[in-house]
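Below is one structure, written out as structure tokens, with a few remarks after it.
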Amino acid sequence: MNKSGLVIRLAVVIVFTAVIVGFITTQLFYRYTFLNEQRLGEQSIKQLYNTVSPTASIASYLGDEELAKEVINGLISNDLITAAAIKTDVLMVKSDNYQESAAMLKFILFSPFQPERSVGVLFVKANEKYLVEKANNISATNTIVVAVEALIITIISIFVTYYVITRPILNISKALHVISPGTRERINKPLSHQKSEIGQLADDVNSLLAKAEQQMLREKSLRNEVQVLESRFRMLFENATSAIVLVEPQGDILLYNQTFEQLIEKLKLPLKKNYGNYLQDLFIMKKDLHEQIRIAFTNDESAVAELELISYQEEKIWVQIVVTQLITDDFQENYQITLHDISKRKQQISLLAQKANYDSLTKLLNRQAAEQHLKQLIFSRVPFALIMMDLNDFKPINDIFGHDAGDEVLIHVAGKLMKSLRKDDILSRWGGDEFVIILPNALQKEVTNVCEKLVAQLSKPYHLSQYNKSVCVTASMGVSFYPDDKLELLELIRAADKAMYQVKKEKSINKELYLAFSSDLAKQANDGTSA
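Here it is, written out as structure tokens:
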């Protein structure tokens, strides 16, 4: 049996209470019985006095010693009295063990003929020991009776309490203990407590069980929904075509999907737990990544950037990175990083840019791209020289050998021109057999040197292997300067073009001529006007 059980506790409380109450009751009852016996003893002695007082009065009145002794012997023969004495003016009769003390009871003896005249005194000593023993015996008997009654009442109280209160509560407890929460099982209300507090307790417990069942059914339904959603989310997460990573602010990876693992393998990098803040160690331009994330987070936005990844293979891998700041329920800060592979799109854009900005034959910048470079230089106020170049003797090659041979010569010329230019110089095919060369921050002398190199490169014959013939082309070049000659792009081009055609025009007279500056033409025009 459980020592801490309700039955044991209740029994201990009842027994303890009964013992305390019984002890107090017996003590009070003992005291009351003792005092009562003393009082009865005194009353008995007074009754004895009333019985012997006529004889004692006569003995005292007559001074009859024999009669007085008979009275004394009669008194001490009673268990209530241990000593007695009759004292008059002429007579003193006492028992053998008589000794005067304050404990003596004193009774006045009156004359039998004159009731108001005192003739002697009767001294009586009560038997205290007898009275105490008698009081103790009676008190002990009464105490035992009270204790037995208290024990009987205690046992009855325990049994009544157990069967009326404790047992129904224990039955409810046992029934509740075996009931599985969330089921339709309920507690049976005790028949004897249909309308009592215990019955109400059973009803309340059943009500709680019903609510618990409803709550658990709702939770089970929600749990199933969460599991389905979690399964779907896991499926989406694992099968996502984009790499998804959850990282801590220090860069430790908490979660990643299979696509991220495949991306790391593609980069030929080891799979690690930390690639730095925002996976920065995977990117070539780390500073750009941090700056764009800082700006986005300052505006409470997700950061989006297109950056190239570090790769130990020839193929360049570009991704669109999306960094979203997440705050958990316990106010922990994490980052969701999504990497969309945009390498193909970058390649397509590069190809489109190649087609849009480069000549398909010579692979040089086309006219549109060259104009964009010129506009940018003018916008930035960077001085430059614009060389407009046209090939001489190119049309006969096309007419004699065909366009394929002409294309071959154009490719050859483009290669020779590229070898003669500086790193920052810009070369473009303007159209047909025309080329434009842009020399940023170039002086007239530097332009002259570059043009000399170009002419030297082009003067060498080119062998057409298909026709086993060697051909040779020359060039006419016109130069204008920004901002010295013109400020507007269109006027600058026209000035260079005009200078070039002036060279072509005069070449029939001076075959060595290949270069003219627009500023020289303008000076000649001004001199002619002045003349």
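0 is the number of the first residue of the sequence shown in numbering that gives the first Met the number 0; add one for each residue after it. All C-beta atoms, glycine included, are put in the ideal place defined by N, C-alpha and C.
According to DSSP, residue i sits in a beta bridge with which residue or residues?
| i | result |
| --- | --- |
| E148 | The partner list for E148 (beta bridge, DSSP) is empty, contrary to what the question assumes. |
| R544 | Summary: the structure shown does not reach residue 544, with the chain confined to residues 0 through 530, and so no result is reported for it. |
| G477 | M387, A515 |
| S469 | H462 |
| E433 | D389, G430 |
| K93 | A84 |
| A304 | I320 |
| L254 | L245 |
| A125 | I80 |
| I425 | I437 |
| L262 | Beta-bridge pairing links L262 to no other residue. |
| L325 | N333 |
Around the C-beta of residue i, are 16 or more other C-beta atoms found within 10 angstroms, so that it is buried, or is it exposed?
| i | result |
| --- | --- |
| G21 | buried |
| F434 | buried |
| I80 | buried |
| I437 | buried |
| F330 | exposed |
| M0 | Confidence is the limiting factor: at M0 the pLDDT is only 49, short of 50, which leaves the residue's position unreliable, though a coordinate-based value still follows. Exposed: under 16 other Cβ atoms inside 10 Å. |
| N298 | exposed |
| T25 | buried |
| A455 | exposed |
| V381 | exposed |
| A17 | buried |
| I71 | buried |
Compute the Euclidean distance between the alpha carbons of residue i and residue j, then round it to the nearest angstrom.
| i | j | result |
| --- | --- | --- |
| R166 | S191 | 11 Å |
| Y500 | K510 | 14 Å |
| D398 | A404 | 10 Å |
| Q367 | Y466 | 34 Å |
| I85 | V92 | 5 Å |
| V322 | L281 | 14 Å |
| A530 | E490 | With a pLDDT of only 46 at A530, under the threshold of 50, the placement of this residue in the model should not be trusted, and no figure is reported. |
| Y277 | P248 | 8 Å |
| E218 | V225 | 10 Å |
| A211 | K173 | 18 Å |
| Y461 | E370 | 30 Å |
| Q523 | C450 | 22 Å |
| H411 | N256 | 52 Å |
| D406 | I396 | 10 Å |
| Y513 | A352 | 34 Å |
| S195 | L208 | 20 Å |
| E505 | E487 | 27 Å |
| Y274 | I252 | 8 Å |
| D424 | A239 | 46 Å |
| A515 | K415 | 21 Å |
| S349 | K343 | 10 Å |
| T50 | N77 | 13 Å |
Kindly indicate the opening and closing residues of the beta strand (DSSP E) around residue i.
| i | result |
| --- | --- |
| Q249 | No beta strand (DSSP E) contains Q249, which DSSP labels as neither H nor E. |
| A239 | That residue, A239, is in no beta strand (DSSP E); it is neither H nor E in DSSP. |
| H339 | 332-340 |
| K105 | 104-109 |
What are the boundary residues of the alpha helix (DSSP H) that includes residue i?
| i | result |
| --- | --- |
| K271 | Run containing K271: none; DSSP gives neither H nor E here. |
| I508 | Careful: I508 lies outside any alpha helix (DSSP H) and carries neither H nor E. |
| F378 | 366-378 |
| V548 | No information on residue 548 is available, as it lies outside the stretch 0 to 530 that the chain covers here. |
| A455 | 443-457 |
| E184 | Careful: E184 lies outside any alpha helix (DSSP H) and carries neither H nor E. |
| I396 | 394-400 |
| K485 | Per DSSP, K485 belongs to no alpha helix (DSSP H) and is neither H nor E. |
| F545 | The structure shown does not extend to residue 545, since the chain is modelled only from 0 to 530, so the question has no answer here. |
Across the stretch 472-480 and the stretch 350-366, are there enough close Cβ pairs to call them in contact, namely three or more that are closer than 8 Å?
With a cut-off of 8 Å, the stretch 350-366 and the stretch 472-480 do not count as touching, because too few Cβ pairs lie within range.
Are there three or more Cβ pairs, one per stretch, closer than 8 Å when the stretch 118-127 is compared with the stretch 137-152?
At 8 Å Cβ cutoff, the stretches do not touch.
Pairing CB atoms from the stretch 27-35 with CB atoms from the stretch 45-52, are three or more of them under 8 Å?
Three or more beta-carbon pairs separated by less than 8 Å are not found between the stretch 27-35 and the stretch 45-52, which leaves the two stretches without contact.
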